[in-house]
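Reading through the structure tokens given below for one structure.
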Amino acid sequence: MVLENAPSSQTTPAALPPSVFTLPQTAQLEALYTIIRDKDTSRGDFLFYSDRIIRLLVEEGLNHLPVVPKTVETPTGATYEGVGFEGKICGVSILRAGEAMEAGLREVCRSVRIGKILIQRDEETAQPKLFYAKLPQDIASRYVLLLDPMLATGGSAAKAVEVIKEHGVPEERIIFINLVRATPCEQGPRAGPPVCRELGRDLGLRSCAPARITTHHQIQGAA
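Each residue of the sequence shown is one higher than the last, beginning at 1 in full-length UniProt numbering.
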């Protein structure tokens, strides 16, 4: 997995795996989060500013993809020595919340293929169950941007990664993009390793807006 391609990212605290990155915690990002967490924000503003953060996440996710040298000719006949992405990409959204991130992906990746995975949690055991998966037929040859805006225990994300790997995608080709996460210490009945460790070595990219997880395995303020 190539992680050096994103020098602008910041790694999360040492308690999290080294493959987990956050967006640079700028004043702009903090302002955007203040807007979307404000109970008085209108629905239109919430959607607009959430989409801004999602697009920032997708753009940063692309920075983690490997590139190869590429030479092109400019309109004036000059030669330009640049780079191109090493392979094709696709998105996979974890239904239903993941669909909210699809527009941001399409805005920066024209005609990108997007698969869908539906995973529901057993209310008694809190264990994730796969109900539906529709993925691109050639997903095994692509880099995958896995989309889910909310990360609580990490069970659904871990199950989605498992499904994608079963379809032939190496774990180093999976980038999990997340908007809001539960703080690592807030694990409820599933106390143990930080939530992101459920993703193993897969690259996790988030904008780092910590929230607390309830004893019902839900993120406070996310409903």
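All C-beta atoms, glycine included, are put in the ideal place defined by N, C-alpha and C.
Nothing here was measured: the structure is a model prediction, and the numbers come from that model.
Mind checking if A103 is an interface residue toward chain B, Cβ cutoff 8 Å exclusive? Within the model displayed, chain B is absent; a lone protein chain is all it includes.
Per the DSSP calculation, G84 is bridged to which residue(s)? Per DSSP, the beta-bridge partners of G84 are V68.
Grab the span of the beta strand (DSSP E) containing S156 for me, first residue to last. That residue, S156, is in no beta strand (DSSP E); its alpha helix (DSSP H) goes G155 to E166.
Taking the beta strand (DSSP E) that L146 belongs to, which residues open and close that run? Boundaries of the beta strand (DSSP E) around L146: Y143 to L147.
Flag this pair as yes or no: are the beta carbons of L23 and L65 separated by less than 8 Å? No Cβ-Cβ contact shorter than 8 Å links L23 with L65.
To the nearest whole angstrom, what separates the beta carbons of S111 and E102, a pair I think is in contact under 8 Å? That pair is no contact at about 13 Å.
Cut-off 7 Å between Cβ atoms - residues of its own chain near D51, not counting five sequence neighbours on either side: Answer for D51: A103 and G104, listed in chain order.
Cβ neighbours of I36 in the same chain (closer than 7 Å, five flanking residues each side left out): Within the same chain, Cβ atoms closer than 7 Å to the Cβ of I36 are found at F46, Y49 and S50, the five residues on either side in sequence being excluded.
V169 bridges to which residues according to DSSP? Note: V169 sits in no beta bridge, so no partner.
Could you give the DSSP three-state label for E60: helix, strand or coil? Shown here, E60 sits in a helix according to DSSP, grouped into three states.
Does the beta-carbon distance from P149 to A78 come in below 8 Å? Cβ distance not < 8 Å, so P149 and A78 don't count as in contact.
CB-CB under 8 Å to F131, same chain, minus the five flanking residues each way: which ones, in chain order? For F131, where only same-chain residues beyond five positions count, the Cβ hits under 8 Å are L118, I119 and Q120.
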